[in-house]
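Protein chains in written order, with our numbering: chain A, 217 to 1283; chain B, 42 to 518.
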Amino acid sequence: MNPFNSCLKIQAATCLLASLSGSSLLLTSNAQPSNLLASAPQKVDFATELKPLFVERCYDCHGEKKQESGMRADSRADLLKGGDTGPSIVVSNSAASILVQVLAGTHADLAQMPKKKEKLTSKQMGLVRAWIDQGAEWSTAASTKQFTYNTNHWAFKAPARPALPAVSEKKWPRASVDNFILARLDAEKLKPSPEADKFTLLRRLSLDLVGLPPTPEDVDAFVADKSANAYQKQVERLLASPHYGEKWGRHWLDAARYADSDGFEKDKSRNVWFYRDWVVNAFNTDLPYDQFVTKQLAGDLLPNATQDDIVATGFLRNSMVNEEGGIDPEQFRMEAMFDRMDAIGKSVLGLTIQCAQCHNHKFDPISQEEYYKLFAFLNNDHEAAEIVYTPQQQMQVANLSRQIRDLETGLRHTTRDWEYRMNQWEDSVKNDQPEWLPVQSRLHPGDLSGARFYYYDDNSIRAAGYAPTKWRALFVNTNQVKDIGAFRLEQLTEPNLPGHGPGRSIKGMSALSEFKVEFVDVQNSSSRFEVKFVKATADFSNSEKQLESEFYDKSDKKRFYGPVEFAIDGKTETAWGIDAGPGRRNQARKAVFIPDQPLHFTNSMIMHIRLVQEHGGWNSDDNQNHNLGRFRVSVTSATNVVADPLPASVREIFKTPRDRRSEGQIAAVFSYWRTTVAEFKDTNEKIEAFWKQWPEGESSFTLIARDGNGIGNDKRPTHLLKRGDWLKPADEVSFGTPAFLHPLPPTADGSRLTLAKWLLDKKSPTTARSLVNRVWQCYFGTGLLESPEDFGTRAELPSHPELLDWLACELMDSGWSIKKLQRLIVNSATYRQSSRVTPELYTRDPYNRLHARGPRFRVEGEIVRDIALASSGLLNLTLGGHSVFPPAPEFLFEPPASYGPKTWKEDPGAEKYRRSLYIFRYRSVPYPMLQTFDAPNGDFSCVRRLRSNTPLQALVSLNETTFMECAQALARKTLAEGGKNDAEKINFAFRRALSRPPTDSERKELLTLLQKQTKHIADGWVNATELGTGKMGSVTNLPSGTTPTQLAAYTVVSRVLLNLDEAITKE
Amino acid sequence: MSCHDHLYRGKSPQEISRRWFFQQCGLGLGAIALGSLLRENGFAASALAGPLAPKQPPFTPKAKRVIFLFMAGAPSHLELFDYKPQLAKFDGTLPPAELIKDYRAAFISPNSTLLGPKFKFAKHGKCGAELSELLPHLATMADDIAIVKSMHTDAFNHAPGQLLMNTGSMQFGRPSIGAWCSYGLGTESQDLPAFVVFSTGTKGPSAGAGNWGAGFLPSVHQGTMFRSVGDPVLYLSNPKGVDDQIQRATIDSIKKLNQQHLDVVGDPEIATRINQFELASRMQTTAPELMDISKEPKEVLEMYGAEPGKGSFANACLLARRMAEKGVRFIEIFHEAWDQHGNLVGDLKKNCANTDQASAALLKDLKQRGLLDDTLVVWGGEFGRTPMVQGGNDGRDHHPNCFTMWLAGGGVKPGLTLGESDDFGFNVTQDKVHVHDLHATILHLLGFDHTKLTYRFQGRDFRLTDVHGELVKKLLA
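Put into structure tokens, the structure is as follows:
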């Protein structure tokens, strides 16, 4: 044993070399300190003798985390490079090496190192000197940049199915799960608890599978069902319920960081509920987990991808979006990328990969390079918002498409020579356009709007980041043209714009208030003139319409958009509108503007293009803009030109020789051509009428792969980012996966689909384990592994490692069926145990990790509210659709509580009683009831909710509007349906709230309360109507034979019931 | 017995686990165990002392609580604290090219002309601190505050900048400094949250609730938003038609039924819930009393410029003092009003009129009550403003390289002006203090080594200062 090593081990770790800072002294190799200790005589083994010393004494301040004085000491190269004071070592000359001088304290200007730790012993100094004198070899094996991590960790090996353990009590197990649980209990000398009673069992099962309490009728049926499979029947009933997906979808939505707004400053609302509904539906249809994840990562890349497959990619798009003024969009695209990595790490892999964003992971064997290799799979996408349709709308779209197609086919049949005529037409228009010269322009440096643009090689410009709602964008062009007869503004589609654009409104529309051009003399900026436009044409303008109310700007001006002439009429109240209605609006458009006379320049002039966009709303913190999305300005010397009526897409098809066009291309040309044929007028009008019936649809955030074809579509290289800083790219890295996990197939490409397949490979060590562990956690409060987000080397061991592996194997062997996994658990004796606990058992196993009893804990925030709604009868069980706005304190959505004014228009009627899953989620203003009960707000992926128990929760369940309405509704229902006398009525209300009949003493307590409060109310201390209905005045629809006082008194009783611990607890 | 033996009435002693008994009874109500939280966060069962129980920090603290006056939007250091005569001299000229090389600005082109300071400065107090004419009240407290002219940060957009100042990270999801304090110190208040937040500006902070979130810490540590008008806390009032008698009877019935059920199922979580209802009931009484400033002496109201019933910064400052007296650990007032891209002169006058008097009054009031010694007051925004003009002649853009904050009380050296910036107030030239360093220093004053106050999450020990932060020793008294 090396004597130096042993003494190093007892030394505490901290910092060194720090005081090199500030000194500008250059040390030369001639500086020969007199009192340096001698170099050690023997050959030094760096890896064993010096590296541990460096690690302990140097790296805190001169390692990966910190580089005091710009110096790093964890590689030979870094030492040679040195820090602020020059190279740290001079190879083969230890005496001249600053490192040696400062360690020895012989440097004239620098303090001895380590500053805060024990100085080196003479022997250690000798070793350092000898090492340098011997060539300062930094053997690869010893480099701290190489991993010495534990790749042998249990969770880094694919799960193998263990044998079922033998157990003491052969009759107890109902399912294989139980053998593992009982074997551990046997070892701990504990006995399982008896089965829970039927009331408790059904309520537990119901809350677990559908997140709703059973109705008293459900309970009666179950209690009366004496058949051997009575319980299994309930399991199947609940698994088949559409509310199963609502309960289990919510767990996934936590991991998917789902929210209905962008986050950051503006926190604008976004339309992503199609994704939410897709998740719910995927659970309901038991979409196998491998497909479930694959679609979310790469649904758009699947062959024949359906709308659902594309919507599923919203998973990756749930990242926050920052459109604060002045932001650099690329910075926050990168933030979103990091977030996506984190979400995949937590939700699918069960690994904390985000640590490696800035540096090699400290504990798990993932290097920074490997992190960016994974990152490379995700780095080549457009951030799209696709127009999507509900199933009914999809049918409508299919019908309309068919009818339009039939009419067009009919035209072809009745017009025998259509092909000849269409070709003649094509030949006549093919070359009828003048040559346009795109101008290269940039936002004027004096623009202070905070808007940002991407400039493409085709001279088109795309707006990104902040979208001012009313502004006068000024673009400057310096390429000089001598003769200009006309100007053209093209609005182009682009995958990153809403609905592909070409505008930036939620529908992808724009409104150009004014198009202005001014020329400024290069030599003399005061010499300038504005072009007077006398004519404007466009390939499309919508008919004149008043601006919709969502663009209200708080002025009293009536504003319109419509004909392109509006863009040159000198009035900012009128704009060129391009909205062709649903199904056809998101297309490239163009306008041509003619000056009063052709322009001819002799001087060098700068062109100022002013794109006035004043048709947005008043609130720059919302989505009320009508801005241009992607656009390009061109000029031509030709005069008297008009905007090309042909769609750009048709011109594009012309480039393909006729004999090589696809049927689709021919049909596209035909669809335009027919509109030019006078004799087709009737049919054209019929088709037009069908288009008018096209459904609006919705938009949903999705991804579209950049395929490398076309401008703005190039493949992005991925670089390792130094310290995770997007402004500090280092070497380019290609796609790849961490070496400690299973390998990629050799033929793999860098697509998201490849990544998905790799993640869902049965050889993946953590994917299946991660899911089964989270499902277990949902049932039992804690996973078999306590940290669902971290299966790495720092995680504690699972409570039942074999069971975890067995379940993981079972999941994969079952074809990744989550419903089968649910059955395995809920049918087990382990799950069906009573949750009652003795103090002894509680002391022995406070967290119930051994499962000697059933689970008992407060349900999730959403379920807390859903239970109250269900018990009261108010619950509206409508599935899916737009998020809803139940009552909330208005001030929360107004400054100064929130940054910008937010829309929270309380839903009238039954919508406000929808399940809590559907409550609109603003990230910056979380719904207070849900936040109080620990629902995450979607800022980042959450695979483990906390469960707190606070006074604020008591205030919510006592006093919040919906809870009070639930108490009132339960009172009313009780009076109407609860039976003849108070005892029966109390039974009724109790069973609705707690699913079981009250005990005698419980009934007595409630009867006493009822009587006392009836008197209190009758005595006039409070207003009975107000207490029973929340309003003053008279009570409407009072159950017959009852009084407002009764309603009020039963409201008090109901409120007690809904506030009981048991009411919001699964037990 | 003073503890909650009634919870166990009718049970034989054998039925009551001794440890459990002490867990529930050994503490005041405000510190009662939030049982499941603790359990899920790996505290040993024996440490079930409640996450909000007052805790002693590892070192003797100088400050027991913090009042953070967060001037969101980023006030101009150049108009308020950091007087630059050279900037006046070069007004209207372009900045030196080497100064703005690689500089990224949010709105302006970095190559915009310089803008001289808009207000006069004078020296104040024995210490001779230089302050703008906009801060006449603070000027009277110059000898009690420490001005740091050498702050710098990493972010130049509001939301990331505010997050960094409040959570030590530009990304969402990290615990806020108030949450860390609550986690590390608990609260001395019996019936108020440990971490209270007000928002009094023209709008809310850019990063919203993320500024006072608990991140991965137990959610009990997140800031609770209080209002100085209306219900101070959400759902504090009884619903319509419910009088106090009904509310009391309701809570009593809930308690009795919960107790009966506790007897049957034995889960101590039920005992915790009973206590939470009691605490909620007490908050219903005490919070409105605390928030009612109408009984404050007239001279106190006048000193702050507070008016009962108004939602103002002045009222929030006075309430902060009242909460400090009640043992609230961390009080943060967000005043988002300082984003002067334009209307610099007019808005600064208005903002200072709204905040200067109350900020100074808070210091005076704390001092005369002997509370300033152990209350740390921090004033500042998320970054500074450019010496370059934005929009004509009356605005400045976001600027991360250099800005000013001040601190007072709680172990901070009074009368100190720390750090210097260059002639344009563009870069720090001496005694740089990064946001992380400020955090390290605040934690130090509260009795922590900032590298040791950690929380294990996802296999890693997280801390407010991440891997950064140096104690600013010069700031210490």
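All C-beta atoms, glycine included, are put in the ideal place defined by N, C-alpha and C.
{"Item": "Whether SER916 of chain A touches ALA601 of chain A by CB criterion (8 Å)", "Value": "yes"}
{"Item": "Of the residues B:ILE188, B:MET364, B:HIS302, the one placed nearest LEU233 of chain B, counting alpha carbons only", "Value": "B:MET364"}
{"Item": "Nonlocal neighbours in the same chain, by C-beta distance under 7 Å from GLU81 of chain B, ignoring five residues either side", "Value": "Low confidence applies to GLU81 of chain B: its pLDDT is 34, below 50, so where it sits in the model is not reliable, and the reading given next is rough at best. No residues qualify anywhere along the chain."}
{"Item": "Partner residues on chain B for ALA1170 of chain A, Cβ-Cβ distance less than 7 Å", "Value": "GLN317, PHE318, ALA321"}
{"Item": "Contact under 8 Å by Cβ, LYS562 of chain A with SER980 of chain A", "Value": "no"}
{"Item": "As assigned by DSSP and simplified to three states, the class of MET332 of chain B", "Value": "helix"}
{"Item": "SER77 of chain B, DSSP secondary structure in three states", "Value": "Because SER77 of chain B carries a pLDDT of 35, less than 50, the predicted location of this residue cannot be relied on, and no value is offered for it."}
{"Item": "Reference GLN739 of chain A, options A:GLY662, A:THR818, A:PHE548, closest by Cα", "Value": "A:THR818"}
{"Item": "Spatially closest choice to THR1166 of chain A from B:SER260, B:ASP143, B:TRP253, by CA coordinates", "Value": "B:SER260"}
{"Item": "Per-residue burial, SER742 of chain A [other beta carbons within 10 Å of its own, 16 or more giving buried]", "Value": "exposed"}
{"Item": "As assigned by DSSP and simplified to three states, the class of HIS1232 of chain A", "Value": "helix"}
{"Item": "Paired residues, beta bridge with LYS484 of chain A - DSSP", "Value": "Bridge partners of LYS484 of chain A: none, in fact."}
{"Item": "Proximity winner among A:SER291, A:PHE1073, A:PRO814, relative to GLY307 of chain B (alpha-carbon distances)", "Value": "A:PHE1073"}
{"Item": "Residue-level contact to chain B via CB, PRO961 of chain A, 8 Å cutoff", "Value": "no"}
{"Item": "Near the ligand COA: HIS480 of chain B beta-carbon under 7 Å from a heavy atom", "Value": "With respect to the ligand COA, the structure shown offers nothing to examine, as it has no ligands at all."}
{"Item": "Integer-rounded CB distance, given that LYS161 of chain B should sit under 8 Å from LEU37 of chain B", "Value": "As shown, chain B starts at 42 and ends at 518. That puts residue 37 of chain B outside it, with no answer to give."}
{"Item": "Contacts of GLY432 of chain B in chain A (Cβ-Cβ under 7 Å)", "Value": "LEU664"}
{"Item": "Min CB distance TYR276 of chain B to chain A below 8 Å", "Value": "yes"}
{"Item": "Beta-bridge pairing of LYS732 of chain A - partner residues as DSSP gives them", "Value": "A:ARG826"}
{"Item": "Cut-off 8 Å between Cβ atoms - residues of its own chain near MET638 of chain A, not counting five sequence neighbours on either side", "Value": "VAL885, PHE886, TRP889"}
{"Item": "Euclidean distance between Cα positions of SER230 of chain B and GLN584 of chain A", "Value": "45 Å"}
{"Item": "Every unbroken beta strand (DSSP E) inside the stretch 164-236 of chain B [3 residues or more]", "Value": "170-173, 186-193"}
{"Item": "Contact under 8 Å by Cβ, SER392 of chain A with TRP1022 of chain A", "Value": "yes"}
{"Item": "Pair within 8 Å by beta-carbon distance, ILE186 of chain B and TRP379 of chain B", "Value": "no"}
{"Item": "CB contact below 8 Å: HIS1232 of chain A versus chain B", "Value": "yes"}
{"Item": "Continuous alpha helix (DSSP H) stretch holding GLU1106 of chain A: start and end", "Value": "Element bounds for GLU1106 of chain A: n/a, residue is neither H nor E."}
{"Item": "The alpha helix (DSSP H) enclosing ASN693 of chain A, as first and last residue numbers", "Value": "First-last for ASN693 of chain A: 687-693, but that is the beta strand (DSSP E), not the alpha helix (DSSP H)."}
{"Item": "Residues that LYS1228 of chain A contacts on chain B, provided the C-beta gap is smaller than 7 Å", "Value": "ALA290"}
{"Item": "Boundaries of the alpha helix (DSSP H) in which ARG556 of chain A is found, first to last residue", "Value": "545-560"}
{"Item": "TRP420 of chain B, DSSP secondary structure in three states", "Value": "strand"}
{"Item": "Assigned secondary structure, GLN649 of chain A (DSSP; H/G/I helix, E/B strand, else coil)", "Value": "coil"}
{"Item": "C-beta atoms of LEU1243 of chain A and GLY282 of chain B nearer than 8 Å", "Value": "yes"}
{"Item": "SER1087 of chain A, DSSP secondary structure in three states", "Value": "helix"}
{"Item": "Rounded distance between the beta-carbons of LEU389 of chain B and GLN521 of chain B, thought under 8 Å", "Value": "No information on residue 521 of chain B is available, as it lies outside the stretch 42 to 518 that chain B covers here."}
{"Item": "Chain-ordered residues of the stretch 190-210 of chain B with a beta carbon less than 7 Å from chain A", "Value": "ASN198, HIS199, ALA200"}
{"Item": "The stretch 907-922 of chain A contacting the stretch 515-534 of chain A, beta-carbon criterion three pairs below 8 Å", "Value": "yes"}
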